[in-house]
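Comments concern the structure below.
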Amino acid sequence: MSLRAPLQAGPSSFVPPASIIQDPLSSRSFFQGAHGFHMGEVYFFNGGNATIVKDENWRFNGLPKHPDTNWKQAEYLPNSRKPDVERSFEWISSLTDLVLCIYGPAGIGKSTLARHLSDELRSLGGLGASAFLGAFPTDATGSETVIKTLAHELGNIHPRAIPKIVEAMNQCHATSLEKHLEGYILEPVRSLCHPGPLIIIVDAIDEWQDHPRFIKSLAHLNSESAIVKFIITSRMNPRTSRLPDIDKISMRTYPLLPVSTDTMKVYFDKHLATVPWVDGRRASAADVNKLVDLSGGLPVWASTVILMLSQPYSELTPHEILSGILEKKQVGGSEGLTDLYRNALLRLFPSPTAQKHLPRYMGAALVLQEPLPLSEFSKLIELRPHLVKSIHLALSAVQTRSPHDSDNTVHPASTRFHLSFLEYIQAIPAEDPFAISAFDSHSAVGQTCLNLITTLPSMSSNQILAFPLYRYVVKHWIFHVSHGTKRSHDEWVKTPHCSTLLAIPIGALQRWATLFLAALFPEAEEVMVMEKQDMLSILMEIRDNLNEDSGDHWVSQVACLEVAVRLGSDCDRAWYNLGWCYDKMGGENR
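First residue of the sequence shown? That's 1 in UniProt numbering, and the numbers climb one at a time after it.
Next up, the structure:
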């Protein structure tokens, strides 16, 4: 049975002809006895069973929205990147290359610079849109979704672009990525007749799994740099990467260097004054100079030091923590960050018991796909709430971003911690008590989700999906299982995931399928009732429904097919569709 969903959020994708849509006052007999009103571009016609709604803004608001980033982030110190800002604006005014890639190692301040450029361009009327991919679940967000998110940002900044964006919503369904860029970005910007190019900023692009496909598609806009230009940030120089067709893109690269010694000194002087020192002790001028040297010009090193010194739950005084940091001889760079992070974890989790629980919490946060309240997260990782709360509070000492309500909510790790910290904890040798494996974490979370499938209460879809943990289980178990188990049939059949899945009654699986599609398509015109009698058929039916969508659910399609080929290793259709999806996404079969 097919799921019918609107092209975008809204009660109907039907757009009536212009002859029908008119001011109700000009056709009183047509609306006699009906309840309707006309406000701006919104027309509600209610006559009998007919309801017609035309509202460009309402349809526009159905586009994917940028995750909230109005939370504490690294500050931009005035003039700290003045030469880099000037070079960026020189490039903008040159009207040549389509793309400027600002690259540099983790922790050097690329995101801070990107936010500053975004703010400056917005104040000057030159910003088209910006996306900070560190705020996205970057392993579960497709290129189509990011393009539509950028279009939503573009329309919010430039409302006159909304008609063209809505036009793209009508015309770009199931089309290529190049058509999406043209319809959702280029033509709306062109319609504004702006005197210069509008700038689209995409930060941390290489942290995003689907970035090769997105970057490759930019070549389609090479000749349009007088209309729109892109600034992207990346750790690596894309010119030296193996990205497909990278040489076909009109691109200039710009290496971002460490910040100056003077800037680092200003930062430390300012923030050390806010540290809750005890016994009248303060950091001396010599201490500040040593910290500046140790930082190696990496802002993330400096901000992590301030966080450690300001930690309210530490048994050590700020001066004792500072002394430990100053004893280190490693200066800057990735090795300096590694040493700092190691030191921080040992201070925050000194006992074997604390070290035993940290990987369970941190591993689950690393693979978490959406925020969960602390109490619900504790159930997901099967760890007592007071322990989860304790770990959560302790980790605030190395938390460089503070999403809203982060005191009571566990957010995906990529939205709380700097990438360099996440890379560090995943690179720790397996025998170390702090070692974390994303594969093992996916496996553990996926198993817990499967165990909860049969416990879903007897309620309506809307009621069940209103519970954060149930909603999470329904939406994401296939993603975790597909990332936390091996595809080999011989290995799959030995996993607890396989035995658990095979033991779930067909009725519970059918109910899950209905809830899953209801969660992905909350505005669907019809609620799908799954009638397939085995899990493989259910997954294939879901995949077919997702394939009819406009490209926002590639990751869910792949997850369904990954589990399908585990359950039916001899199912040629599942293997073919899986290969087709990877090819379409521009990825490689693992």
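Each residue gets a CB set at the ideal place from its N, CA and C atoms; glycine is no exception.
Alpha-carbon spacing of residue i relative to residue j, whole angstroms
i      : j      : result
Ser118 : Lys356 : 42 Å
Ala564 : Trp208 : 25 Å
Ser458 : Asp206 : 43 Å
Cys193 : Leu221 : 17 Å
Leu567 : Asn170 : 37 Å
Arg87  : Ala129 : 20 Å
Ile542 : Glu167 : 28 Å
Leu561 : Glu376 : 28 Å
Asn57  : Pro159 : 9 Å
Ala131 : Leu272 : 32 Å
Gly40  : Phe60  : Residue placement at Gly40 is poorly supported in this model, since its pLDDT is 43, which falls under 50; the coordinates still yield a value, given next. In a straight line, the C-alpha of Gly40 is about 15 Å away from that of Phe60.
Leu133 : Gly155 : 19 Å
Glu491 : Glu531 : 30 Å
Gly126 : Ser250 : 20 Å
Pro195 : Ser223 : 17 Å
Leu469 : Ser390 : 20 Å
Trp575 : Ser537 : 14 Å
Gln510 : Met540 : 13 Å
Val473 : Ile428 : 29 Å
Leu465 : Asn451 : 17 Å
Neighbourhood of residue i by C-beta distance below 8 Å, restricted to the same chain and skipping five residues each side
i      : result
Phe439 : His483 and Gly484
His116 : Tyr76, Arg81 and Val85
Ala106 : Arg235, Val300, Ser334, Leu337, His418, Leu419, Ser420 and Glu423
Gln533 : Ile506
Ala508 : Ile453, Thr454 and Leu456
Beta bridge counterpart(s) of residue i as assigned by DSSP
i           : result
Cys101      : Ile232 and Thr253
Pro373      : Thr409
Leu198      : Val228
residue 601 : Nothing about residue 601 can be read from this structure; the chain reaches only from 1 to 590.
Same chain, Cβ closer than 6 Å to residue i, five either side skipped, listed in chain order
i      : result
Cys571 : none
Phe349 : Gln355 and Leu358
Leu368 : Pro412
Thr338 : Tyr424
Leu177 : Ser143 and Ser217
Pro371 : Thr409 and His411
Ala364 : Ile381, Ser441 and Val445
Asn416 : Note on identity: in this sequence residue 416 is Arg, with Asn being the wrong assignment. Hits under 6 Å: Gln399 and Arg401.
Phe479 : Ala559
For residue i, the nearest candidate out of the options (CA to CA)
i           : options                           : result
Glu90       : Gly128, Thr175 and Lys229         : Lys229
Phe516      : Pro505, Cys101 and Ile453         : Ile453
Asp544      : Gly568, Arg573 and Leu567         : Arg573
Met535      : Val398, Ile506, Thr448 and Asp269 : Ile506
Asp293      : Glu144, Lys265 and Ser314         : Lys265
Asn289      : Val275, Thr261, Asn237 and Glu315 : Thr261
His180      : Pro276, Glu548, Thr145 and Ile231 : Thr145
Val558      : Asn577, Ser303, Ile199 and Gln369 : Asn577
Val189      : Ala219, Ile157, Leu177 and Asn547 : Ile157
Asn343      : Val398, His271 and Ser537         : Val398
Ser303      : Lys110, Glu562, Ile391 and Ala74  : Ala74
Tyr103      : Thr253, Glu187 and Thr96          : Thr253
residue 601 : Ile436, Leu121 and Glu431         : It is not possible to answer for residue 601, since the shown part of the chain is limited to 1 through 590.
Pro522      : Phe479, Gln463, Ile108 and Leu98  : Gln463
Ala151      : Leu63, Ile108, Ala204 and Leu340  : Leu63
Leu243      : Gly280, Ile232, Ile165 and Arg213 : Arg213
Val305      : Ser414, Lys494 and Arg347         : Arg347
Leu121      : Ile231, Lys328 and Ala226         : Ile231
Same chain, Cβ closer than 7 Å to residue i, five either side skipped, listed in chain order
i      : result
Leu322 : Ala283, Asp287 and Leu309
His392 : Leu374 and Val410
Asp245 : Lys216 and Ala219
Cys498 : Trp492
Ile147 : His180, Leu181, Tyr184 and Ile185
Thr263 : Leu77 and Ser80
Gln22  : Legend: pLDDT at Gln22 = 39, less than 50; position of this residue unreliable, value from coordinates given subsequently. No residues qualify anywhere along the chain.
Lys486 : Trp492
Arg360 : Ile381 and Leu383
Gly324 : Asn343
For residue j and residue i, believed in contact at Cβ under 8 Å, the rounded distance
i      : j      : result
Ile201 : Pro238 : Rounded, the Cβ-Cβ distance is 16 Å, inconsistent with contact.
Thr514 : Ser443 : Contact flag wrong, Cβ pair sits at about 26 Å.
Pro258 : Thr112 : About 13 Å; that fails the 8 Å criterion.
Lys475 : Ala503 : Not a contact, Cβ separation roughly 22 Å.
Ala161 : Ser191 : 6 Å
Leu256 : Lys110 : 6 Å
Pro163 : Ile92  : So it is not a contact: roughly 26 Å between Cβ atoms.
Val275 : Thr317 : With 8 Å as the limit, Val275 and Thr317 do not qualify as a contact, their Cβ atoms being about 10 Å apart.
Thr240 : Asp203 : Thr240 to Asp203, Cβ: 20 Å. No contact.
Residue i CB to nearest heavy atom of the ligand HEM below 8 Å
i      : result
Asn408 : Looking at this structure, you won't find the ligand HEM or any other ligand, since it has none at all.
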